[in-house]
Amino acid sequence: MDPVVTRFPPSPTGYLHVGGARTALFNWLYARHSGGRFVLRIEDTDTARSTQAAVDAIFEALEWLGIDWDDGPYYQSRRLDIYQSYIDRLLAAGQAYYCTCTPEELAEKRQKALAAGLDVRYDGTCRERGLPRTPDAVVRFKTPPDGTTTIHDVVKGDITFENREIGDFVIQRSDGVPTYNFAVVIDDITMGINTIIRGDDHVSNTPKQILIYQALGEELPVYGHVPMVLGQDRTKLSKRHGAMSVTAYRDMGYLPEALINYLVRLGWSCGDQEFFTREELIEKFSLENLGKSAGVFDPEKLLALNFDHIKAADPARLAGLLRPFLEQEGYDVDAGPDLEKIIATLNQRSKTLKDMARDAAFYYQGEIEFDPAAAKKFLRPAVLEALRLLRDELQRLGEFSEKGLEGVFVAVMEKTGFKLGKIAQPVRVALTGKTASPGIFEIMDVLGPQRVLPRLERAIAFIEQRAAAADK
RNA sequence: GGUCCCAUCGUCUAGUGGCCUAGGACGUCGGCCUCUCACGCCGAAAACACGGGUUCGAGUCCCGUUGGGACCA
């Protein structure tokens with residue numbers, strides 16, 4: 008059995024979107040799973056729409072996802088002479104021919120055929136004319152007039168097309184640039200690609216490609232046409248479906264392994280398993296379990312999966328990933344508490360890194376801004392004594408530890424007769440400004456005495472002021 | 001319009017003729033836990049598009065209808 012060789016051939020006409028990323032993933036995973044090779048090829052023959060910026064964006068996205076390639080990147084624009092040699096070969100063998108029908112003539116024929124309710128394929132005017140090469144001539148492939156061409160597809164089964172439905176299609180334009188269907192086949196042949204997993208929007212191109220393989224006497228690759236990823240309105244993914252670029256998810260604070268997990272599970276399954284690490288995916292991915300119906304992209308489920316991956320991620324790695332988000336919020340990370348300790352209090356509650364950075368706000372703020380409603384409800388004279396007591400006990404405690412802190416709270420509870428809830432909420436507001444936060448002992452431990460004490464002091468002063476104002 | 005593909009809870013899916021009283025996950029709703037909010041845990045509602053066959057037996061096979069999608073024009 009030859010080693011598996013797969014490929015991913017994006018057109019650099021824009022960012023890499025999630026649908027394309029999924030296709031890349033399937034090919035990459037399959038190559039890695041079977042110990043084969045994965046080839047990257049940039050299909051940039053459409054010079055009008057291809058840009059270097061898009062090429063860079065694609066690299067950036069692939070790198071973030073951790074999709075690496077063994078061969079390439081190849082650029083179609085630099086392979087024109089290779090395509091030409093194959094065109095010449097087909098021409099010489101009489102399997103292709105020059106055609107000088109003008110676009111106007113073709114359009115006219117199409118109109119007539121349409122009006123007469125006939126097929127609108129090329130009528131073969133130049134097929135047997137033996138025309139020489141001229142500047143305005145295109146090259147057409149001589150499709151067998153009869154018979155059928157069938158795709159043996161590993162996901163959809165056999166799909167058969169009538170050859171007469173295909174017609175003599177153009178393989179090289181008059182400017183010498185090969186058409187998509189031709190360039191793809193020549194590339195796949197010369198790059199040794201033997202397994203092609205791609206979107207099923209390519210199904211109708213496939214018989215043409217198979218015909219070219221056959222004309223060249225080349226062995227066919229294994230085809231697997233995977234269903235499209237649809238937007239919430241059940242149509243093909245596009246700009247109007249919102250943020251669909253891979254890097255947009257990175258910027259929103261998603262983990263690459265979460266996006267990968269989500270994308271692969273959309274159209275592939277392994278029993279009831281939902282959560283996969285990248286290693287598990289490589290180990291378990293198989294062509295057999297690819298689904299054959301289109302799937303709707305569900306941001307909610309991706310978010311839930313991201314949450315699960317954040318929970319499972321190593322805090323030390325999270326620290327590196329979170330840092331830019333914190334800096335974006337304007338925080339001086341190195342001046343704050345220990346980052347890994349901060350993450351340990353948040354990684355079971357934040358669904359994205361962006362959320363986490365936002366939830367970490369109180370760790371970095373010098374002077375806590377009390378949420379008015381929270382202050383009104385919890386920073387009231389009734390708890391003044393308890394807070395003072397707490398402050399004194401904490402000062403006596405010196406170094407913080409979760410256990411020591413708990414002891415201090417117990418002591419205060421005993422002296423005041425308050426329950427923990429009665430004391431914890433005011434303290435929470437004092438330390439974070441809000442009524443919701445991680446556990447009170449956890450955050451105090453992370454914050455440390457040098458941050459906790461001044462904040463408590465400030466809350467006490469706040470209440471004293473409030474009491475004084477009320478007395479007047 | 002032509003060609004092709006697809007069809008299980010709202011969504012992603014398990015299911016490969018009897019194990020299906022159709023399972024899991026997200027979401028939704030209810031409860032528990034609790035220093036708050038989350039997490040977590042427990043529970044609920046929720047699907048085999050429809051109609052014909054084949055078979056002792058069909059979500060599973062065949063045909064048709066309907067619906068959706070893709071490509072070409």
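For what it's worth, this note's numbering labels the leading residue of the first sequence as 8, then goes sequentially.
For glycine and all other residues, C-beta sits at the position ideal for the given N, C-alpha and C.
### Query
Looking at the unbroken beta strand (DSSP E) that takes in Pro80, where does it start and where does it end?
Asp78 to Tyr82
### Task
Please classify Lys243: does DSSP put it in a helix, a strand, or coil?
strand
### Query
What three-state label does DSSP hand Pro152 in the structure shown?
coil
### Query
In the stretch 57-114, which residue ranges form an unbroken alpha helix (DSSP H) of at least 4 residues, counting only runs that do not cross its ends?
59-72 and 87-99
### Task
Report yes if the CB atom of Leu463 is closer than 8 Å to the CB atom of Leu360, and no otherwise.
no
#### Entry: Enclosing beta strand (DSSP E) for Gly206 [first to last residue]
Thr202 to Gly206
### Task
Would you kindly work out how many angstroms separate the C-alpha atoms of Thr30 and Pro17, rounded to a whole number?
10 Å
### Message
Strictly by DSSP, which residues pair up with Thr54?
### Response
Paired residues: none, contrary to the question.
### Length of the line joining the Cα atoms of Ile74 and Val415
51 Å
### Task
Taking 8 Å as the cut-off, decide whether the C-beta atoms of Pro47 and Pro263 are in contact.
A small fix is needed here, since residue 47 is Leu in this sequence, not Pro. Result no, Cβ atoms of Leu47 and Pro263 do not sit closer than 8 Å.
### Option nearest Leu237 by Cα separation, candidates Phe148, Glu287 and Phe304
Phe304
### Task
Within the same chain, show all residues whose beta-carbon is closer than 6 Å to that of His316, passing over the 5 residues directly before and after it, in chain order.
Leu262, Glu264 and Ala265
### Query
In whole angstroms, what is the alpha-carbon distance linking Asp130 and Gly174?
8 Å
### Task
Classify Asp195 as buried or exposed, calling it buried when 16 or more other Cβ atoms lie within 10 Å of its own Cβ.
buried
### Host alpha helix (DSSP H) of Phe221 (start-end)
Correcting the residue type first, residue 221 is Gln in the shown sequence and not Phe. First-last of the alpha helix (DSSP H) with Gln221: Thr213 to Leu223.
### Message
Quick check on this structure: which residue in Thr442, Gly428, Glu347 and Thr352 has the alpha carbon closest to the alpha carbon of Lys383?
### Response
Thr442
### Backbone CA spacing between Thr439 and Ala320 [nearest angstrom]
26 Å
### Message
Going by DSSP in three states, Arg330 sits in which element: helix, strand or coil?
### Response
helix
#### Entry: Beta-carbon proximity list for Ile289, same chain, < 8 Å, skipping 5 on both sides
Leu36, Arg39 and His40
### Query
Based on Cα-Cα distance, which residue from Phe189, Leu244 and Ile204 lies nearest to His232?
Ile204
#### Entry: Between the CA atoms of Pro461 and Arg387 - distance to the nearest angstrom
18 Å
### Message
Checking 8 Å against the spacing of the C-beta atoms, do Ile49 and Tyr81 come in under that value?
### Response
yes
### Task
Could you say which of Gln457, Phe292 and Val390 lies nearest to Glu374 if we only look at CA atoms?
Gln457
### Query
So, is Lys299 buried or exposed, given that buried needs 16 or more other C-beta atoms within 10 angstroms?
exposed
### Message
On the DSSP letters alone, give me the boundaries of the beta strand (DSSP E) that Ile49 sits inside.
### Response
Arg44 to Ile49
### Message
Let me check understanding here. Comparing Cα to Cα, which of Ile450, Asp366 and Ile94 lies closest to Pro185?
### Response
Ile94
### Query
Does DSSP classify Phe15 as helix, strand or coil?
strand
### Task
State yes or no: is the C-beta of Lys149 within less than 8 Å of the C-beta of Arg134?
yes
#### Entry: Local conformation of Val184 per DSSP, three classes
coil
### Task
Could you check if Thr20 is buried or exposed, using at least 16 other CB atoms within 10 Å of its CB as the buried criterion?
exposed
### Query
With respect to the beta strand (DSSP E) encompassing Asp305, which residues constitute its N-terminal and C-terminal limits?
Unbroken run through Asp305: none, as it is neither H nor E.
### Task
Tell me, to the nearest whole angstrom, how far the beta carbon of Asp452 is from that of Glu409; I am working on the premise that it is less than 8 Å.
5 Å
### Query
Where does Phe469 sit, in a helix, a strand or coil, going by DSSP?
helix
### Coil, strand or helix - Gln179 by DSSP
strand
### Query
Which first and last residues belong to the beta strand (DSSP E) in which Ile166 is found?
Gly164 to Glu169
### Task
Note down, in chain order, each residue of its chain lying with its Cβ closer than 8 Å to the Cβ of Thr54, except the 5 sequence neighbours on either side.
Ser84
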